[in-house]
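Chemist:
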Amino acid sequence: GKALQDKTVRFDDRQSGQLVTFTPDITPQVARIVATRMREMPLPLRLSYYGRALRHEEQQQGKDREIFQAGVELYGLEGAEADAEMIAMAIESLQALGVEEFSVDIGQVEFSRGIMEQVDLPAEQLQQITSAISHKDSSGLKRLLSETDLPESVVAEILALPRLFGGCEVLDKAAAVVSSERSVKAIENLRRVLDVLEVYGLADHVTFDLGEMHGLDYHTGITFQGYLSGYGQAVCAGGRYDKLTAVYGYPVAATGFTFNLLNLLFALDKKLD
Numbered sequence: 013g014k015a016l017q018d019k020t021v022r023f024d025d026r027q028s029g030q031l032v033t034f035t036p037d038i039t040p041q042v043a044r045i046v047a048t049r050m051r052e053m054p055l056p057l058r059l060s061y062y063g064r065a066l067r068h069e070e071q072q073q074g075k076d077r078e079i080f081q082a083g084v085e086l087y088g089l090e091g092a093e094a095d096a097e098m099i100a101m102a103i104e105s106l107q108a109l110g111v112e113e114f115s116v117d118i119g120q121v122e123f124s125r126g127i128m129e130q131v132d133l134p135a136e137q138l139q140q141i142t143s144a145i146s147h148k149d150s151s152g153l154k155r156l157l158s159e160t161d162l163p164e165s166v167v168a169e170i171l172a173l174p175r176l177f178g179g180c181e182v183l184d185k186a187a188a189v190v191s192s193e194r195s196v197k198a199i200e201n202l203r204r205v206l207d208v209l210e211v212y213g214l215a216d217h218v219t220f221d222l223g224e225m226h227g228l229d230y231h232t233g234i235t236f237q238g239y240l241s242g243y244g245q246a247v248c249a250g251g252r253y254d255k256l257t258a259v260y261g262y263p264v265a266a267t268g269f270t271f272n273l274l275n276l277l278f279a280l281d282k283k284l285d
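If you use our numbering, the sequence shown corresponds to residues 13 to 285, in order.
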């Protein structure tokens, strides 16, 4: 997808004259291995890995270009139970490290896609609107939407997106706003995930952000990011990506997450100071 292409580091190999690229994300590599080398294995598959990725990031964003990732992937299980299993594993991993003050922020890409599929605007204008939503810039978003001829009902749904974050009450607020069947199904999925996490006794650690627009291109449902109190960057991130292995001729449901180990170490070090 374009999001990963924009983050891919490329350079010319002087010896071979070929263009060399470094992977910006390990998950697509794991998907390729599952689809080409492991397709005869019985499902579900629960996999873990460690590796390095290199991403093109703007320097002013304050993000490291080299990323050390430790991740898990669950192939062959659909539904909220599998997504909740991954979120629970992320929470329990942080608990095992002795972290007490943290939250896992859950989104659902199908919720915003259900709203935005009603929008027919030029790509540049749409990108500006998406950016305003991501930055929770309600005033800027209102100004941008005033320059369109979108129906009032659609404008109202888009304007709600930056405000739909917080505790489980967000799900009720979201349900009252949207009309798209796609968005309604996304809320139902989130409710089921929350129900499972409540059974696990872990629901107190999660928040919701339905205006989150930063899911990678391959995400197809739940997304989540883990944050330690007092540290602004995510220490882990994941979600559902049911279409990734289909690129290699092996369509199978999948969900998982990775820890950004440098962010995790910096966050833990800051907690100790």
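Don't be surprised by glycine CBs; every beta carbon is placed ideally from N, CA and C.
Using DSSP with H/G/I as helix, E/B as strand and the rest coil, what is tyrosine 61?
Modeler: Correct three-state label for tyrosine 61: strand.
Chemist: Out of curiosity, what's the CA-to-CA distance linking methionine 101 and serine 158?
Modeler: Spanning the two alpha carbons is a distance of roughly 43 Å.
Chemist: Measure the CB-CB distance between serine 195 and phenylalanine 123 and report whether it falls below 8 Å.
Modeler: Yes, they are a contact pair.
Chemist: For the beta strand (DSSP E) containing tyrosine 212, list its first residue and its last residue.
Modeler: Here tyrosine 212 belongs to no beta strand (DSSP E); instead the alpha helix (DSSP H) covers 193-212.
Chemist: Which of the three DSSP states, helix, strand or coil, is assigned to lysine 79?
Modeler: In the sequence as presented, lysine is not what sits at residue 79; that position holds isoleucine. Residue state, collapsed to three classes: strand.
Chemist: Would you mind giving the Cβ-Cβ distance between glycine 261 and alanine 47, rounded to the nearest angstrom? I have them listed as a contact below 8 Å.
Modeler: Sure, about 7 Å apart at Cβ, within 8 Å.
Chemist: Would phenylalanine 271 be called buried (16 or more neighbouring beta carbons within 10 Å of its own) or exposed?
Modeler: Buried, because 16 or more other Cβ atoms sit within 10 Å of the Cβ of phenylalanine 271.
Chemist: Looking at C-alpha atoms only, which residue of Ala265, Ser165, Cys248 is the closest neighbour of isoleucine 118?
Modeler: Minimum Cα distance to isoleucine 118 is reached at Cys248.
Chemist: Closer than 6 Å by C-beta to tyrosine 212: which residues in its own chain qualify, once you throw out the five before and the five after it? Chain order, please.
Modeler: The answer, listed in chain order, is Ala100.
Chemist: Taking the C-alpha atoms as reference points, what is the distance between glutamate 104 and valine 116?
Modeler: Those two C-alpha atoms are separated by around 11 Å.
Chemist: Sort Gly233, Lys154, Asp37 by Cα distance to valine 167 and report the nearest one.
Modeler: Cα-wise, what sits closest to valine 167 is Lys154.
Chemist: Spell out the partners DSSP gives glutamine 11 in its beta bridges.
Modeler: Outside the displayed range of the chain (13 to 285) lies residue 11, so it cannot be described from this structure.
Chemist: Taking all protein chains shown into account, decide if alanine 188 is buried (16 or more other Cβ within 10 angstroms of its Cβ) or exposed.
Modeler: Alanine 188 comes out exposed.
Chemist: Taking buried to mean at least 16 other C-beta atoms within 10 Å of its own C-beta, is glycine 74 buried or exposed?
Modeler: Confidence in glycine 74 is poor, its pLDDT being 49 and thus under 50, which makes the residue's placement unreliable; the coordinate value appears in the next sentence. Glycine 74 should be labelled exposed.
Chemist: Between the alpha carbons of valine 218 and valine 208, how many angstroms are there, rounded?
Modeler: Whole-angstrom Cα-Cα distance: 12 Å.
Chemist: In whole angstroms, what is the alpha-carbon distance linking leucine 173 and glycine 223?
Modeler: So the two alpha carbons sit approximately 5 Å from each other.
Chemist: Given this structure, state the Cα-to-Cα distance separating serine 151 from serine 143, to the nearest angstrom.
Modeler: Rounded to whole angstroms, serine 151 to serine 143 spans 13 Å at the Cα level.
Chemist: Helix, strand or coil: how does DSSP classify leucine 171 here?
Modeler: Helix, per DSSP.
Chemist: Would you say glycine 242 and glycine 83 are within 8 Å of each other, going by their C-beta atoms?
Modeler: No, the Cβ-Cβ distance between glycine 242 and glycine 83 is not below 8 Å.
Chemist: Is it buried or exposed, proline 263, if we count other Cβ atoms within 10 angstroms and call 16 or more buried?
Modeler: Exposed, because fewer than 16 other Cβ atoms sit within 10 Å of the Cβ of proline 263.
Chemist: Would you mind giving the Cβ-Cβ distance between threonine 235 and valine 121, rounded to the nearest angstrom? I have them listed as a contact below 8 Å.
Modeler: At roughly 6 Å, the Cβ-Cβ gap stays under 8 Å, so threonine 235 and valine 121 are in contact.
Chemist: Between the beta-carbon of isoleucine 170 and the beta-carbon of isoleucine 141, is there less than 8 Å?
Modeler: A contact, by the Cβ cut-off of 8 Å.
Chemist: Do aspartate 240 and lysine 283 have their C-beta atoms closer together than 8 Å?
Modeler: Correcting the residue identity first, residue 240 is leucine in this sequence and not aspartate. Cβ atoms of leucine 240 and lysine 283: closer than 8 Å.
Chemist: Between the C-alpha atoms of lysine 148 and methionine 128, what's the straight-line distance to the nearest angstrom?
Modeler: If I take the Cα positions, the gap works out to 16 Å.
Chemist: Using the beta-carbon count (16 or more within 10 Å), is glutamate 97 buried or exposed?
Modeler: Buried, since its Cβ has 16 or more Cβ neighbours within 10 Å.
Chemist: Start and end of the beta strand (DSSP E) containing arginine 51?
Modeler: Segment: none, arginine 51 is in no beta strand (DSSP E) and carries neither H nor E.
Chemist: Which residue marks the beginning of the beta strand (DSSP E) containing threonine 1, and which one marks its end?
Modeler: Shown here, the chain extends from 13 to 285; a query on residue 1 therefore has no answer.
Chemist: Got a sec? Which residues, its chain only, sit under 7 Å from tyrosine 61 by beta carbon, not counting five neighbours each side?
Modeler: Result list for tyrosine 61: Ile38, Val42, Gly83, in chain order.
Chemist: Looking at the structure shown, is valine 264 part of a helix, part of a strand, or coil, going by DSSP?
Modeler: Reduced to three states, the DSSP call for valine 264 is coil.
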